[in-house]
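Asker: Residue numbers (this note's numbering), protein chains in the order written: chain A, 1 to 359; chain B, 360 to 718. Each residue gets a CB set at the ideal place from its N, CA and C atoms; glycine is no exception.
1. Just verifying my parser: in three-state terms, what is the DSSP assignment at residue 365(A)?
2. Report yes or no: is there a C-beta of chain A within less than 8 Å of the C-beta of residue 647(B)?
3. Using a Cβ cut-off of 7 Å, pull out every chain B residue sitting near residue 310(A), in sequence order please.
4. Between residue 70(A) and the rest of its own chain, which residues show a CB-CB distance below 8 Å, the 5 nearest in sequence each way excluded?
5. Secondary structure at residue 40(A), three-state DSSP: helix, strand or coil?
6. Counting only beta-carbon atoms, is residue 508(B) nearer than 8 Å to chain A?
7. Just list the residues that DSSP pairs residue 557(B) with in beta bridges.
8. Sort out for me which residues DSSP pairs residue 648(B) with in a bridge.
9. If residue 375(B) sits next to residue 453(B), beta carbons under 8 Å apart, how far is it from one beta carbon to the other, in whole angstroms?
10. Which same chain residues end up closer than 7 Å to residue 284(A) when comparing Cβ atoms and leaving out the 5 residues on each side of it in sequence?
11. Going along the stretch 688 to 702 of chain B in order, which residues come within less than 8 Å of chain A, judged by CB to CB distance?
12. Rounding to the nearest angstrom, what Cα-Cα distance links residue 531(B) and residue 585(B) in this structure?
13. Could you check the C-alpha separation between residue 577(B) and residue 487(B) for me, to the nearest Å?
14. Between residue 212(A) and residue 140(A), what straight-line distance do the alpha-carbon atoms span, to the nearest angstrom?
15. What distance in whole Å lies between the Cβ atoms of residue 621(B) and residue 544(B), which are believed to be in contact at a cut-off of 8 Å?
16. Once you ignore the five residues that flank residue 117(A) on each side, which residues in its own chain have a CB closer than 6 Å to its CB?
17. Return the Cβ separation of residue 424(B) and residue 444(B) in integer angstroms, given the expectation that the two are a contact with Cβ distance under 8 Å.
18. Look at the alpha carbon of residue 317(A) and the alpha carbon of residue 188(A), and state the distance between them as a whole number of angstroms.
19. With a threshold of 8 Å between beta-carbons, can residue 679(B) be considered close to chain A, or not?
20. Mind reading off the beta-carbon distance from residue 312(A) to residue 324(A)? Whole number of angstroms is fine, and I expect it under 8 Å.
21. For residue 715(B) and chain A, any beta-carbon pair shorter than 8 Å?
22. Using the Cβ count rule (16 or more neighbours within 10 Å means buried), how would you classify residue 567(B)?
23. Under 8 Å, Cβ to Cβ, is there at least one residue of chain A near residue 387(B)?
24. Could you compute how far the alpha carbon of residue 253(A) sits from the alpha carbon of residue 182(A)?
25. Tell me, please, whether the CB atom of residue 1(A) is closer than 8 Å to any CB atom in chain B?
26. With distance defined between alpha-carbon atoms, name the residue in 175(A), 235(A), 166(A) and 28(A) nearest to residue 359(A).
27. Closest by CA to residue 659(B), which one among 319(A), 288(A) and 332(A)?
28. If we count the other Cβ atoms within 10 Å of its Cβ and call it buried at 16 or more, is residue 357(A) buried or exposed?
29. So if DSSP puts residue 472(B) in a beta bridge, which residue, or which two residues, is it bridged to?
30. For chain A, is any of its Cβ atoms less than 8 Å away from the one on residue 407(B)?
31. Is there a C-beta anywhere in chain E that falls below 8 Å from the one on residue 314(A)?
32. By the criterion of Cβ-Cβ separation under 8 Å, what are the contact partners of residue 682(B) in chain A?
33. What does residue 294(A) reach in chain B if we use C-beta pairs closer than 8 Å?
34. Once the 5 residues before and after residue 680(B) are set aside, which same chain residues still bring their CB inside 6 Å of it?
35. With DSSP as the reference, please indicate the residues paired to residue 621(B) in a beta bridge.
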């Protein structure tokens, strides 16, 4: 591992997104990344910081909505750098603003973006992977970490690895990023062995990232650099910035001209996108149900699935397979693994009804 | 209708039984008969009194547990006669004590027993049926009302009707009572056209009932008559009384010697024994779910079943068929119509765990 590269690496943690598919646990005011969804005693953003601190020490920047700044600082009191976005401007602006500030502080700084709400199970493999990626990034490429697909998921984008990168143990050139595929294409991607999931983990020199952005979205790059140089410009410039994801803004165009590398991530990864994903991470309890929370208040017979008794009330589940029961103080969800994606529609419906107290 | 017979009829309403299959709505401290399960605005025992008052006026006696006397009097303030049992001694003692008191007051009084927690949908047909049954009972027979089976139920006992009773429009001699049958026998009973459900509605002269009891269980009859003659004996005698259902104590032996008649009850009847039965009585709401309570706090997609949002919290149900969701302040039940009978096991389990606060 190029210790020099790791010593210059800053972790940027974009913490946005309400996680509406995890309603009623996740709410706009108390989103997914602020919740302990794994029963570990640490919230997802705390677990993210726990995972990064051994690698980068205090060099962590969280970029979050103004509404969540206080909660983030409360959950991560050791954190020095929290950037509050006045309004959501998607991942490119969030990560790019952190990059612009770091570029100004030291042109040799590297940044790595790591979502606040992902779960990674093999931290040693994660550390080794980030180490190699930082080394590759120090050479001037944009580097993504490609997750080994465990199934032909249609909910993630994919990244295609080409030839190996000389001088690195596992890194390869990226030939393309592809959007969320349909089931048949996902099947073909996984079968080919060439594709990996794009988990949104990008490493680059801060200046490389902004230079790539300047080539493709010059106004966005110059806006972010202007704010970094003079923070008082934030309220004026921020609202006009282009809303675009980092994948579209820089990763895809850079891959098209051979400037992206991929380091395979040989670790367990989960984005906890919905209750089926959450269930997949949760061990089966004593009565065949998976319980996140107090098992002693869950009763069951002939049932399987996930129960979250978050309201402290007794929950009895009888005779249902792959059911999802999420009990909170003001709202209750009953669904199935198969319908886990449809939970978003409930949140949309509640918003339409003006029930912002519940969303 | 023999108005003279109807003028001598007293309705005896045994109000016992927690209705554990309707947990968590029904609890020992707040049993089924005290609940408004139909959304009518009246509890089951209030609806029972509403149905009986046009037939018998103020001649209604409720026999209930001491723990529920106050609630019964509060729900039925117009009621003059409420007998509180010091401890449960099954239906023969409950109905027999009322009969013994009435026999003493007037040997010509008739009694009719009507459960506190049944639902009857055609009140005119019910009234006509009770009128004929009272007339038959005045002649000295024990009379039961036989409910037309709507399906081969295995949860009810059956009564078999024989030859017509001369001089009455629909009454027939009863040849036997049969216990809850298995599915094959229930099928055969219904197919034969000779069997009806035994809904526990019995009419007789008070003295006929007690004389029949004296023939079969002389100590029970004499104990009840002694208490009726001197109420101060209740605490001494009651605990030693035989626990037996009226069906076994008098109806079955009397049928065996040709002293029971049956009047067919051509009205809709439901004992609301479990959530599947409750669902069968509940109309489908606007989104395909049946809701007992506030429909405006239930959200759904691709779901069918019964939802009882009794805690006032928002309930979302997605992608489940024939599901049962019962949400109360301290406990939540999620099951299916098919498993409705298994709810009792949850209550048993909670009792074993010492959670009497929930049962």
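Answerer: Answer, in terms of the structure:
1. Only positions 1 to 359 of chain A appear in the structure, and residue 365(A) is not among them; the question remains open.
2. Any Cβ of chain A closer than 8 Å to the Cβ of residue 647(B) would place that residue at the interface, and such an atom is absent.
3. Near residue 310(A) there are no residues of chain B at all, since even the closest Cβ is about 11 Å away, more than 7 Å.
4. There are no such residues.
5. In this structure, residue 40(A) counts as coil in the three-state DSSP scheme.
6. So no, residue 508(B) is outside the interface.
7. DSSP, once it has assigned bridges, lists 505(B) as partnering residue 557(B).
8. Residue pairing by DSSP places residue 648(B) opposite 664(B) in a beta bridge.
9. 7 Å between Cβ atoms; contact.
10. Excluding positions up to five away in sequence, the list reads 290.
11. Residues 688, 689, 690, 691, 692, 693, 694, 695, 697, 698, 701 and 702.
12. Spanning the two alpha carbons is a distance of roughly 34 Å.
13. Cα to Cα, the separation comes out at about 34 Å.
14. Cα-Cα distance, rounded: 11 Å.
15. Taking C-beta atoms under 8 Å as the contact rule, residue 544(B) and residue 621(B) fail to qualify, at a distance of about 19 Å.
16. Counting only Cβ-Cβ distances below 6 Å, and skipping sequence neighbours, we find 32, 33 and 44.
17. About 6 Å separates the two Cβ atoms, so the contact holds.
18. Each residue's Cα considered, the two are about 39 Å apart.
19. Yes, residue 679(B) counts as interfacial toward chain A.
20. With 8 Å as the limit, residue 312(A) and residue 324(A) do not qualify as a contact, their Cβ atoms being about 19 Å apart.
21. Residue 715(B) has a beta carbon lying at 8 Å or more from every beta carbon in chain A.
22. Taking all protein chains in view, the Cβ of residue 567(B) is crowded by 16 or more other Cβ atoms within 10 Å, so the residue is classified as buried.
23. Cβ-Cβ to chain A under 8 Å: no for residue 387(B).
24. Rounded to whole angstroms, residue 253(A) to residue 182(A) spans 22 Å at the Cα level.
25. Low local confidence applies: a pLDDT of 47 at residue 1(A) is under 50, so the model's placement there is unreliable, with the coordinate-based value given in what follows. Closer than 8 Å: no.
26. If we check each option's Cα against that of residue 359(A), 28(A) comes out closest.
27. Ranked by how close their Cα comes to the Cα of residue 659(B), the residues 319(A), 288(A) and 332(A) have 332(A) in first place.
28. With fewer than 16 other Cβ atoms within 10 Å, it is exposed.
29. In DSSP, residue 472(B) forms a bridge with 371(B) and 561(B).
30. Answer no: the Cβ-Cβ gap between residue 407(B) and chain A never drops below 8 Å.
31. In summary, chain E is missing from the structure at hand, where the protein chains are A and B.
32. Near residue 682(B) (Cβ distances below 8 Å), the residues of chain A are 320 and 334.
33. Within 8 Å Cβ-Cβ: nothing; residue 294(A) doesn't reach chain B, min ~13 Å.
34. Closer than 6 Å at the Cβ level, and outside the excluded window around residue 680(B), lie 663.
35. Answer is 503(B) and 531(B), bridged to residue 621(B).
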